[in-house]
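In what follows, a structure is listed as structure tokens, so that the remarks can point back to it.
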Amino acid sequence: MTVQMRPRVKYVIGPDGSPLTIADLPPANTRRWVIRRKAEVVAAVRGGLLSLEEACERYALSVDEFLNWQAAIDKHGLAGLRTTWIQHYREG
Numbered sequence: 236m237t238v239q240m241r242p243r244v245k246y247v248i249g250p251d252g253s254p255l256t257i258a259d260l261p262p263a264n265t266r267r268w269v270i271r272r273k274a275e276v277v278a279a280v281r282g283g284l285l286s287l288e289e290a291c292e293r294y295a296l297s298v299d300e301f302l303n304w305q306a307a308i309d310k311h312g313l314a315g316l317r318t319t320w321i322q323h324y325r326e327g
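The structure is reproduced here in structure tokens:
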């Protein structure tokens, strides 16, 4: 059985509308997750720059944590990634 690999893209459009490459992503040892960094990782996965598994391994994230970031963006835009607003958005 042959496993088909998707060709990796060279860049995706980041959350601010500019091109985002692997080199532009947050460092693998990132500990402080600000809105922009979370949004960049979500954009990279959605655009095919990284797979979900690669992103979770690179940033020591659980799949649930990543999926929560993605859902927050889908439901509330970038503001949904604010940690201080999590309770507000979860109630609604």
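Each residue of the sequence shown is one higher than the one before, counting from 236 in my numbering. Using N, Cα and C, we set each Cβ at its ideal position, and we do this for glycine too. Since this is a predicted model, take the numbers as computed values, not measurements.
With distance defined between alpha-carbon atoms, name the residue in Ala306, Leu260 and Glu288 nearest to Val329. Given that the chain is displayed from residue 236 to residue 327, the structure contains no residue 329 and the question cannot be resolved.
Any alpha helix (DSSP H) of 4 or more consecutive residues that is wholly inside the stretch 251 to 312: Fully enclosed alpha helix (DSSP H) runs of 4 or longer: 270 to 282, 287 to 294 and 298 to 311.
Alpha carbon of Trp268 to alpha carbon of Gly283, nearest angstrom: Cα to Cα, Trp268 sits roughly 21 Å from Gly283.
To which residues of the same chain is Tyr294 closer than 8 Å at the C-beta, ignoring the five residues directly before and after it? Within the same chain, Tyr294 has close Cβ partners Pro261, Ala263, Thr265 and Val276.
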